[in-house]
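Trainee: Sharing a structure below in structure tokens format, with a few things to ask.
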Amino acid sequence: MDNYVPIAMPSPETALLAYEGDWDYIREHLTWLDLRIALRLRLQESVMGTGSTGKRSASNEDEQTLQYHDRLNNLERHMESRLRVSQQEGVFLSLPYLAGVFGLSSIESKAIIVCLAVEIERKYETAYELLQHGAPGAKCPTPDLIATIVSRTSDERTEVLSALRNDGILREHFIRNDLPSKQGTLLGQPFLLDERIVRFVLDSGGLPKSMEDYARIVPPGRTLEPLLGSPDTQRKLTQWIANRMSQPRSSDSSLIISLWGKQGAGKKTQIEHVGHYFEEPLLFADMAKLVGADSNVQASLRKVFREATIQQAILVLEHFHVVAHKNESNDRATEILERLSEMSGIVFLLSEEPCQPLDRYRRIDLELEIAALQDEERAEAWRRLAKGYEMDSLLDWEAISARFLFNPGQMANSLSAAKVISEWNQEGGTALPIGWSDMIQASYKQLNHSLANKAKRLTPKSRWNDLILPAAQKEKLQHACNHIRYKHTVYGRWGFNKKLSYGTGISLLFSGPPGTGKTMASEVVAKELDMEIYKIDLSQIISKYIGETEKNLREIFDEAQASYAVLFFDEADALFGKRSEVKDSHDKNANTEVAFLLQKMEEYRGISILATNYLQNMDEAFLRRINYVIRFPFPDEKQRETIWKQVYPVQTPLDPDIDFPFLARKLQMAGGSIKNIAMTSAFLASGQEERVGMKHIFKAYQYELDKTNRAITRDELGEYAYLYDEFMGI
1 MDNYVPIAMP
11 SPETALLAYE
21 GDWDYIREHL
31 TWLDLRIALR
41 LRLQESVMGT
51 GSTGKRSASN
61 EDEQTLQYHD
71 RLNNLERHME
81 SRLRVSQQEG
91 VFLSLPYLAG
101 VFGLSSIESK
111 AIIVCLAVEI
121 ERKYETAYEL
131 LQHGAPGAKC
141 PTPDLIATIV
151 SRTSDERTEV
161 LSALRNDGIL
171 REHFIRNDLP
181 SKQGTLLGQP
191 FLLDERIVRF
201 VLDSGGLPKS
211 MEDYARIVPP
221 GRTLEPLLGS
231 PDTQRKLTQW
241 IANRMSQPRS
251 SDSSLIISLW
261 GKQGAGKKTQ
271 IEHVGHYFEE
281 PLLFADMAKL
291 VGADSNVQAS
301 LRKVFREATI
311 QQAILVLEHF
321 HVVAHKNESN
331 DRATEILERL
341 SEMSGIVFLL
351 SEEPCQPLDR
361 YRRIDLELEI
371 AALQDEERAE
381 AWRRLAKGYE
391 MDSLLDWEAI
401 SARFLFNPGQ
411 MANSLSAAKV
421 ISEWNQEGGT
431 ALPIGWSDMI
441 QASYKQLNHS
451 LANKAKRLTP
461 KSRWNDLILP
471 AAQKEKLQHA
481 CNHIRYKHTV
491 YGRWGFNKKL
501 SYGTGISLLF
511 SGPPGTGKTM
521 ASEVVAKELD
531 MEIYKIDLSQ
541 IISKYIGETE
551 KNLREIFDEA
561 QASYAVLFFD
571 EADALFGKRS
581 EVKDSHDKNA
591 NTEVAFLLQK
601 MEEYRGISIL
611 ATNYLQNMDE
621 AFLRRINYVI
631 RFPFPDEKQR
641 ETIWKQVYPV
651 QTPLDPDIDF
661 PFLARKLQMA
671 GGSIKNIAMT
681 SAFLASGQEE
691 RVGMKHIFKA
701 YQYELDKTNR
711 AITRDELGEY
721 AYLYDEFMGI
């Protein structure tokens, strides 16, 4: 027992000195603990191990016991004096700091000292074992042991045990909850400090490694990313928070703010400016990573909540929609909101969807949408973000911003990727400024959509000179391209966007027989405008189930909004037909699907193209809702000759005797069939290691006729009839 009587007590003079640091503070409190242990061991002996903590008169205590009490009283006054001086001089002490931020009572602070002792010196294991009569696990502190050491009266014992209850602050934030539960009363359960608390007290460590996968601290005073778009949002937000925080609030009541908007819209930048304004650190916790990596989400959230209090940080829960999805049970989200409402300080929820419908008990104080930037704001944001790069002076930021509905995060990533692309394309070691093609290529890399699930992406190769069309139709197609190329001028600078309630894109209808160039024309448009193009087979999208066709179309257009892609709807005849009187529910449903498709085309901000083989089957009311109707006639002889002359690449070895005028006159086929014949003839010639000649073309022509169960005749070959036997033998 005498091992726990301190040899020397602090001198009275030190009461006027601040603590040098945590170790000085802890050493003195361990001296206090030694006295408490020695006193309890002495009392334990005097009552023959009854463990009585009832009130005892001074007359029943011997002189040494009275000395212990005097020493304890003097030491406690001494420690209180030094703590006051330390606080006045601004000395940081971990334990008093934790007591302050968590609102711990004096009893709870003393309980932490009892638990901390076994983390510092092994001798306290022996002392605790003696006080607990050598019971199993008696080397660990328990609620009963803590109450025995700390309390002096039965009332104090009740107060201590109340502070150590399962729903108390100590159990919630300071004590390990991963220990195996033992049989028996709560009085005998192990009461060990959480490793995070021990590390904070001993070295005031930063974010625990166990949290680094899903959380991060952003200190105040760091360089901030510029706020893009309207500055009113930040001004109003900080003013609103300041006003609410100045109002009387419960100490265990938080201010919960939900910011929602598309990923990269600038939600985190807004919050970083809030942290800078209030000079407070930010604790970001990614709910997507936390939920995905940890089955015990509640335990991880307890760590997050505790860390926010320890760091006195504004808590930010990113991707909150992961736990609050509107199509899933919201019990978890409700529980989290309930826990958040019991915290103190500011809490932000970041989500891609609104949270208010999920907040049944109205715990969210403010919900604010961080909306996408408008065209003018996006253009200005591009300019500001591009200041750190060497850009082509002729780069049209209005055109870039009109094409890509990017948020600031995507813009920054695009510029970084464009720099890499430009460096890769540099010639002779000379760095080139970032130009239009670099930006277009880099920007498309930032897009994340699922169009490929319902559409086929085409790689456009054809250009205007490859497209054989009557001049009037070709001119109309070029006007359609200008509609997109100059939309930022007409809708933006010239103000036409104020005249439209929706839809700044363009719709086209291509009509004509198969093989007349409808698909090629759509590729030419995409190539001309540096746009992605996706081909959708409407016959595969249409469903016999009511509402399913609309669902498929909605998904396509929703995904396309991000990519600004050209949408080429082939086989439109599968959906469009001559509208007639509605005779049954199937007719009514078909008209509903057509109307829905046209509505989505009108709303779409890019280019949507319908292709049909039979314009006469299209209802006039539908046609009036299309911006441009372009007819693709069957090519005449002159056009066919042009197609024949252009269809073979310049690298293809051709027999000089190929008679293109004859082929155009005799082989009356559309451009698609001519392309097939040219490709087949090239493979035939290559297989014979010969130049492509008339015999190979005639043989390929026969293969094309086979598709419709036709056969070539000698008379059809005219002056080349002598080749009939030769090419038939190929």
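All the letters of the sequence shown, read from the start, carry residue numbers 1 to 730 under the UniProt record's numbering. Cβ coordinates follow ideal geometry from the N, Cα and C atoms, glycine included. Note that the coordinates shown come from a computational prediction; the quantities given were computed from them, not determined experimentally.
1. Measure the alpha-carbon distance for E571 versus Y614 and round it to whole angstroms.
2. By alpha-carbon positions, which one of L290, I310 and A299 ends up nearest to L317?
3. If I follow the unbroken alpha helix (DSSP H) through A215, where does it start and stop?
4. So, using beta-carbon positions, are A313 and P281 closer together than 7 Å?
5. Hey, how far is the Cα of V582 from the Cα of I541?
6. Can a CB atom of chain C be found closer than 7 Å to the CB of V291?
7. With DSSP collapsed to three states, give me the class of D584.
8. Where does S507 sit, in a helix, a strand or coil, going by DSSP?
9. Any idea what DSSP makes of I677, helix, strand or coil?
10. Can you name the start and end residues of the alpha helix (DSSP H) that I658 belongs to?
11. Counting pairs of beta carbons, one from the stretch 626 to 639 and one from the stretch 461 to 481, are three or more of them closer than 8 Å?
12. Apart from the five residues on each side of it in sequence, which residues of its chain come closer than 8 Å, Cβ to Cβ, to R384?
13. Just to confirm my understanding: we take I421, look at its own chain, exclude 5 residues before and 5 after, and list those with CB closer than 7 Å. What are they?
14. Please classify T50: is it buried, with 16 or more other beta-carbons within 10 angstroms of its beta-carbon, or exposed?
15. Does DSSP classify E342 as helix, strand or coil?
16. Given a cut-off of 7 Å, decide if V304 and A285 are closer than it, judged by their beta-carbon atoms.
17. Assign T53 to one of three DSSP states: helix, strand, or coil.
18. Out of G21, S258, A372 and K695, which one is the CA nearest neighbour of D655?
19. Return the chain-ordered ranges of every beta strand (DSSP E) run that is complete within the UniProt domain "AAA+ ATPase" (504 to 636) and spans a minimum of 3 residues.
20. When the distance is taken between beta carbons, is L567 closer than 7 Å to E523?
21. Expressed to the nearest angstrom, what Euclidean distance is found between the alpha-carbon atoms of A562 and K445?
22. Mind checking which residues open and close the alpha helix (DSSP H) that includes F102?
23. Closest to W240 by CA distance: which of Y214, F278, D203 and G261 is it?
24. Look at the alpha carbon of E119 and the alpha carbon of P141, and state the distance between them as a whole number of angstroms.
25. Excluding five sequence neighbours on each side, which residues of the same chain lie with their C-beta closer than 6 Å to the C-beta of S109?
26. Using a Cβ-Cβ cutoff of less than 6 Å, which residues in the same chain neighbour L509 once the five nearest sequence positions on both sides are dropped?
27. Could you give the DSSP three-state label for T269: helix, strand or coil?
28. Hey, quick one: how far does the alpha helix (DSSP H) through S258 stretch, first residue to last?
29. Going by DSSP, name the residue or residues bridged to R457.
30. Can we say the stretch 677 to 697 touches the stretch 707 to 715, given the rule of at least three CB pairs closer than 8 Å?
31. Let me check you understand the geometry: is the CB of I149 closer than 6 Å to at least one non-hydrogen atom of the ligand SAH?
32. Between R306 and the rest of its own chain, which residues show a CB-CB distance below 6 Å, the 5 nearest in sequence each way excluded?
33. Could you tell me whether the Cβ atoms of T148 and R40 are closer together than 7 Å?
34. Use the C-beta contact count for D232: other C-beta atoms within 10 angstroms, 16 or more gives buried, fewer gives exposed.
35. Near Y724, which residues of its chain fall below 7 Å by C-beta distance, leaving aside the five closest residues on each side in sequence?
36. Looking only at its chain, what residues have a beta carbon closer than 8 Å to the beta carbon of F200, apart from the 5 residues adjacent to it on each side?
Mentor: Reading from the atomic positions:
1. Position 571 of the sequence shown, counted from the start, is the residue given in the question as residue 571. Position 614 of the sequence shown, counted from the start, is the residue given in the question as residue 614. Spanning the two alpha carbons is a distance of roughly 10 Å.
2. Mapped onto the sequence shown, residue 317 falls at position 317. Of the candidates L290, I310 and A299, the one whose C-alpha sits nearest the C-alpha of L317 is L290.
3. To locate residue 215, count along the sequence shown from 1; it is residue 215. No alpha helix (DSSP H) contains A215, which is instead part of the beta strand (DSSP E) from A215 to V218.
4. Residue numbering aside, residue 313 sits at position 313 when the sequence shown is read from its first letter. Residue numbering aside, residue 281 sits at position 281 when the sequence shown is read from its first letter. Their beta carbons are under 7 Å apart, which means A313 touches P281 by this criterion.
5. In the sequence shown, the residue the question calls residue 582 occupies position 582. In the sequence shown, the residue the question calls residue 541 occupies position 541. Summary for V582: the model assigns pLDDT 46, below 50, so the residue's position carries little reliability, and this model does not support an answer.
6. Given the protein chain composition of this structure (a single chain), no chain C is represented.
7. For this step, residue 584 is matched to residue 584 along the sequence shown. Confidence at D584 is low in this model, with a pLDDT of 46, below 50, so the placement of that residue is unreliable and no value is reported for it.
8. The residue labelled residue 507 in the question sits at position 507 within the sequence shown. Strand at S507.
9. Sequence index remark: in the sequence shown, residue 677 carries index 677 (1-based). If DSSP states are grouped into helix, strand and coil, I677 belongs with the helices.
10. Within the sequence shown, numbered from 1, the residue matching residue 658 stands at position 658. No alpha helix (DSSP H) contains I658, which DSSP labels as neither H nor E.
11. yes
12. Translated into positions along the sequence shown, residue 384 becomes position 384. Answer for R384: P226 and L228, listed in chain order.
13. On the sequence shown, position 421 is the one that residue 421 refers to. Correct list, in chain order: D438, Q441 and A442.
14. One-based indexing of the sequence shown puts residue 50 at position 50. Residue confidence is low: T50 scores 47 on pLDDT, short of 50, so the model does not pin down where it sits. Its coordinate-derived value is still stated next. Exposed.
15. Here the question's residue 342 lines up with position 342 in the sequence shown. It is coil, neither helix nor strand.
16. Looking up residue 285 in the sequence shown gives position 285. Looking up residue 304 in the sequence shown gives position 304. Yes, the Cβ-Cβ distance between A285 and V304 is below 7 Å.
17. Within the sequence shown, residue 53 is the residue found at index 53, counting from 1. Caution applies to T53, whose pLDDT of 47 falls short of 50 and renders its modelled position unreliable; the model cannot decide the point.
18. Against the sequence shown, residue 655 aligns to sequence position 655. D655 has its Cα closest to that of K695, out of G21, S258, A372 and K695.
19. 506 to 511, 533 to 537, 566 to 570, 607 to 612 and 628 to 631
20. Residue mapping note: residue 523 aligns to position 523 of the sequence shown, counting from 1. Residue mapping note: residue 567 aligns to position 567 of the sequence shown, counting from 1. Against a cut-off of 7 Å, the Cβ pair of L567 and E523 comes out as no contact.
21. The count along the sequence shown starts at 1 and reaches residue 562 at position 562. The count along the sequence shown starts at 1 and reaches residue 445 at position 445. If I take the Cα positions, the gap works out to 12 Å.
22. Numbered from its first residue, the sequence shown carries residue 102 at position 102. S94 to F102 is the span of the alpha helix (DSSP H), which, as asked, contains F102.
23. By 1-based counting over the sequence shown, the position of residue 240 is 240. Of the candidates Y214, F278, D203 and G261, the one whose C-alpha sits nearest the C-alpha of W240 is F278.
24. The count along the sequence shown starts at 1 and reaches residue 119 at position 119. The count along the sequence shown starts at 1 and reaches residue 141 at position 141. Straight-line Cα distance between these residues: approximately 11 Å.
25. As a working mapping, residue 109 is identified with position 109 in the sequence shown. Answer for S109: A99, listed in chain order.
26. Walking along the sequence shown from the start, residue 509 turns up at place 509. The residues are L610, I626 and V629.
27. Against the sequence shown, residue 269 aligns to sequence position 269. Reduced to three states, the DSSP call for T269 is helix.
28. What you label residue 258 is simply residue 258 of the sequence shown in a count that begins at 1. It is not in any alpha helix (DSSP H) - S258 instead sits in the beta strand (DSSP E) that spans S254 to W260.
29. The sequence position of residue 457 within the sequence shown is 457, counting from 1. Its beta-bridge partners are Y534.
30. no
31. The model on display carries no ligand, and the ligand SAH is accordingly not part of it.
32. By one-based count along the sequence shown, residue 306 stands at place 306. Cβ within range, chain order: H173.
33. Here residue 148 is taken as the residue at index 148 of the sequence shown, counted from 1. Here residue 40 is taken as the residue at index 40 of the sequence shown, counted from 1. Yes; because the gap between Cβ atoms is below 7 Å, this pair is in contact.
34. The residue you call residue 232 lines up with position 232 of the sequence shown. Exposed: under 16 other Cβ atoms inside 10 Å.
35. Residue mapping note: residue 724 aligns to position 724 of the sequence shown, counting from 1. Within the same chain, Y724 has close Cβ partners R714 and L717.
36. Taking the first residue of the sequence shown as 1, we reach residue 200 at position 200. Once the five neighbours on either side are set aside, the close Cβ partners of F200 are S94, L98 and I310.
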